[in-house]
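Accompanying notes for the structure given below.
In UniProt numbering, the protein residues as written are 1 to 103.
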């Protein structure tokens, strides 16, 4: 019976099936780069009233990542690698993404 309730709830509340954007960013970057440092901060609340702000947050993010995978890459190559790891569907759900990337 409980499984039926959960299935029914998921139909009416699709967000129950969706991982948070913050967790999705963390998971994808962890898998792609095996970083020594990974910090993902949802900074949406500080942008209340600005363009792109959504109630409930998850629109503006600051990411700090350190990984040997970025060794020898230019700044633009690092940014492209992070965007590729996140994927177009995830990047499309984010209004602003600040990246601090290093080895």
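Where is the CB? At the ideal position from N, CA and C, for every residue including glycine.
DSSP-derived helix/strand/coil call for residue i
i           : result
residue 101 : strand
residue 28  : helix
residue 60  : strand
residue 65  : strand
residue 48  : coil
residue 77  : helix
Distance between residue j and residue i (C-alpha atoms, nearest Å)
i          : j          : result
residue 32 : residue 48 : 31 Å
residue 74 : residue 92 : 24 Å
residue 94 : residue 57 : 10 Å
residue 40 : residue 30 : 11 Å
residue 99 : residue 70 : 13 Å
residue 67 : residue 81 : 12 Å
residue 59 : residue 37 : 22 Å
residue 78 : residue 34 : 14 Å
Per-residue burial, residue i [other beta carbons within 10 Å of its own, 16 or more giving buried]
i          : result
residue 1  : Here the model assigns residue 1 a pLDDT of 49, short of 50, so the residue's position is not dependable, and the following value carries that caveat. So residue 1 ends up on the exposed side.
residue 76 : exposed
residue 20 : exposed
residue 44 : buried
Residues sharing a beta bridge with residue i, DSSP
i          : result
residue 42 : 61
residue 96 : 60
residue 37 : 66
Residue i CB to nearest heavy atom of the ligand ZN below 7 Å
i          : result
residue 83 : As for the ligand ZN, it is missing from this structure, which has no ligand bound.
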